[in-house]
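If you read the sequence shown in the working numbering, its first letter stands for residue 108, the second for the next number, and so on.
The next block holds one structure in the form of structure tokens; read it before the comments.
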Amino acid sequence: MIYFDNASTSWPKPPGVIKAVTGAMETASSLHRGTGTGAETSEDILFDLRTRTSAFFGAPGEESVVLTMNATHALNLVIKGMAKEGTRVVTSGFEHNAVMRPLYALREKGVVTDQVPSGLFENERFLENFKKAILKKTDLVILNCVSNVYGWILPFREAAELAYEKGIPVLLDASQAAGHIPVAFTRGVEFIAAAGHKGLFGPGGTGLLLSRGDHILPPLMEGGTGFDSRSEEMPSLLPERLEAGTVNIPGAAGLAAGIAFVCDRGLQNILAHERSLAHRISEGLSVFPNVKCFSCRLPERQTGVISFLVKGEPPEKTALALAERGVAVRAGLHCAPGAHDHAGNPEGSVRLSFSPFNTMAEAEEFLVVMASLSSVRGNS
Numbered sequence: 108m109i110y111f112d113n114a115s116t117s118w119p120k121p122p123g124v125i126k127a128v129t130g131a132m133e134t135a136s137s138l139h140r141g142t143g144t145g146a147e148t149s150e151d152i153l154f155d156l157r158t159r160t161s162a163f164f165g166a167p168g169e170e171s172v173v174l175t176m177n178a179t180h181a182l183n184l185v186i187k188g189m190a191k192e193g194t195r196v197v198t199s200g201f202e203h204n205a206v207m208r209p210l211y212a213l214r215e216k217g218v219v220t221d222q223v224p225s226g227l228f229e230n231e232r233f234l235e236n237f238k239k240a241i242l243k244k245t246d247l248v249i250l251n252c253v254s255n256v257y258g259w260i261l262p263f264r265e266a267a268e269l270a271y272e273k274g275i276p277v278l279l280d281a282s283q284a285a286g287h288i289p290v291a292f293t294r295g296v297e298f299i300a301a302a303g304h305k306g307l308f309g310p311g312g313t314g315l316l317l318s319r320g321d322h323i324l325p326p327l328m329e330g331g332t333g334f335d336s337r338s339e340e341m342p343s344l345l346p347e348r349l350e351a352g353t354v355n356i357p358g359a360a361g362l363a364a365g366i367a368f369v370c371d372r373g374l375q376n377i378l379a380h381e382r383s384l385a386h387r388i389s390e391g392l393s394v395f396p397n398v399k400c401f402s403c404r405l406p407e408r409q410t411g412v413i414s415f416l417v418k419g420e421p422p423e424k425t426a427l428a429l430a431e432r433g434v435a436v437r438a439g440l441h442c443a444p445g446a447h448d449h450a451g452n453p454e455g456s457v458r459l460s461f462s463p464f465n466t467m468a469e470a471e472e473f474l475v476v477m478a479s480l481s482s483v484r485g486n487s
């Protein structure tokens with residue numbers, strides 16, 4: 108099988124990740140809830156994850172790293188913790204439903220969301236409209252670093268600087284950026300949310316929330332922490348304040364190993380490899396008159412994620428034909444209908460997304476498979 112669906116979940120996982128998960132399951136017990144070597148091992152695993160993550164994102168310290176169930180959990184912690192009655196939130200038009208659905212759910216509480224209009228890959232237009240958007244009272248900015256549909260690297264650093272000048276906190280959704288491009292606590296960035304199971308190569312069911320610490324978030328849920336059990340309230344300090352219940356120690360071990368893998372490979376090397384695959388495939392798709400490929404002429408604006416459409420064919424039908432020939436992709440709206448609307452293809456797309464484990468030989472084989480499809484050749 109050719110696996111080109113790494114933006115959903117990276118696969119395969121590095122051997123070190125699998126070893127770390129199984130090792131934790133064999134040796135670690137419950138965090139803060141026991142004595143002996145198993146409990147100590149859990150403490151060590153979580154400390155290792157927090158210190159690695161803090162260094163990777165340039166966070167203030169290991170205490171600012173919260174282990175979550177996924178990026179959606181991390182985003183909800185900030186959105187539901189920061190958005191109050193009358194809050195105005197500015198986002199891009201390319202956000203995932205993990206951002207937009209929590210915001211929509213808060214509309215009845217008077218939370219207003221404004222999306223910055225922009226076409227695909229139009230950095231200058233986006234920043235011009237972003238400046239206008241934050242001229243009005245703005246309480247929070249939420250920005251996708253990289254579109255999960257098109258691999259567009261939004262100008263999130265420049266936007267965060269503009270927000271900083273206005274005193275507006277910024278939440279970055281790094282779900283499709285972490286492990287591919289640098290994301291850090293530059294000026295204006297108050298929170299970073301990331302998925303563990305995508306470009307960071309961690310297990311499913313892991314995510315991260317990093318906080319600069321200037322804003323104290325209320326817990327999304329309350330429960331046991333393994334200490335200070337007489338208190339009727341959750342701890343006042345991070346990270347335990349936001350980590351109710353049993354912490355996913357095997358997941359933490361695997362995620363720490365995934366981050367170590369990314370650091371060993373190097374972000375620049377990973378991005379260059381994935382971009383080379385995307386460039387070859389977009390170049391190859393351009394010869395088919397029935398295929399529309401969403402790729403940028405400026406390679407610095409796109410990661411190793413591209414979308415395409417076969418004209419006159421639902422994207423799901425194209426994806427099924429590819430699956431029958433041994434190519435795994437994703438088709439549809441990718442939980443980001445607004446991104447398709449802003450790019451002018453509301454019907455959805457077929458998405459290809461790459462990892463360091465994909466090869467140029469796979470890219471060439473994919474193009475051969477595409478050439479075999481009658482709909483691509485125009486004689487369906």
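Glycine residues also receive a C-beta, built at the ideal position from the N, C-alpha and C atoms.
*With a floor of 4 residues, list each alpha helix (DSSP H) that falls wholly inside the region 322–403, ordered by position along the chain.*
The DSSP assignment places 356–372, 374–392 as complete runs of the alpha helix (DSSP H) inside the region 322–403, in order along the chain (cut-off: 4 residues).
Inset, instruction - Return the bridge partner residues of W259 from the DSSP annotation. - result: Answer is Q409.
Fill in: Sub-7 Å separation of C400 and S389 beta-carbons
The Cβ atoms of C400 and S389 lie closer than 7 Å to each other.
| task | Taking 8 Å as the threshold, find out whether the region 118–125 comes into contact with the region 316–333 through three or more Cβ pairs. | result | Contact fails: fewer than three Cβ-Cβ distances are below 8 Å.
For this session: To the nearest angstrom, report how far apart K424 and A146 are at their CA atoms.
Result: Near 50 Å, if we compare the C-alpha coordinates of A146 and K424.
- request: Inspect the CB distances between the region 178–192 and the region 297–309 and report whether three or more fall short of 8 Å.
  value: Short answer: they touch.
| query | What's the gap between the Cα of F415 and the Cα of A438? | reply | Distance between F415 and A438, taken at the CA atoms: about 10 Å.
- Message: I need the boundaries of the alpha helix (DSSP H) containing D448, first residue and last residue.
- Response: Counting along the chain, the unbroken alpha helix (DSSP H) around D448 starts and ends at 444–450.
#### Entry: Spatially closest choice to A281 from A131, D112, G303, by CA coordinates
Closest option to A281, Cα to Cα, is G303.
- prompt: Where does R157 fall in DSSP's three states?
  reply: DSSP, reduced to helix, strand and coil, places R157 within a helical segment of the structure shown.
**Study point:** Pair within 7 Å by beta-carbon distance, P262 and L234
**Key:** Result yes, Cβ atoms of P262 and L234 sit closer than 7 Å.
Sub-7 Å separation of F308 and F368 beta-carbons:
With respect to F368, F308 sits close: the two C-beta atoms are nearer than 7 Å.
Checklist entry - So the alpha helix (DSSP H) G188 belongs to, where does it begin and stop? => result Segment 178–189, the alpha helix (DSSP H) holding G188.
Can you tell me where the beta strand (DSSP E) with T293 in it begins and where it stops?
DSSP places T293 outside any beta strand (DSSP E), giving it a letter other than H or E.
- [ ] Decide yes or no for the touch test of the region 157–171 against the region 188–195: beta carbon pairs closer than 8 Å, at least 3 of them.
- [x] Too few Cβ pairs lie closer than 8 Å, so no.
Does DSSP classify N465 as helix, strand or coil? N465 falls in the coil class under three-state DSSP.
inquiry  = Rounded to the nearest angstrom, what separates L362 and I356 at their Cα positions?
reply    = If you draw a straight line from the Cα of L362 to the Cα of I356, it is about 10 Å long.
Worksheet item: Helix, strand or coil for I109 per DSSP?
Response: Under the three-state reduction of DSSP, I109 is assigned to strand.
Next on the checklist: Between R232, G217, M467, which has its C-alpha nearest P224's C-alpha?
Outcome noted: With distances taken between Cα atoms, P224 lies closest to R232.
>> On the CB-based measure, 16 or more other CB atoms within 10 Å of its CB, does A359 come out buried or exposed?
In response: The residue is buried, with at least 16 neighbouring Cβ atoms inside 10 Å.
Next on the checklist: By the DSSP assignment, the alpha helix (DSSP H) with I125 in it spans what residues?
Outcome noted: Taken as a continuous stretch (DSSP letters only), the alpha helix (DSSP H) holding I125 covers 122–134.
query = Is the region 339–355 in contact with the region 265–275, if contact means three or more CB pairs nearer than 8 Å?
reply = Verdict: no, contact absent.
Give me, in chain order, the residues of the same chain whose beta-carbon lies closer than 6 Å to that of C442; leave out the 5 immediate sequence neighbours on both sides.
Contacts found: H203, N204.
Checklist entry - What first and last residue would you give for the beta strand (DSSP E) that runs through V196? => result In the DSSP assignment, V196 falls within the beta strand (DSSP E) that extends over 195–199.
Cβ of G258 within 7 Å of Cβ of Q222? No. Outside cutoff.
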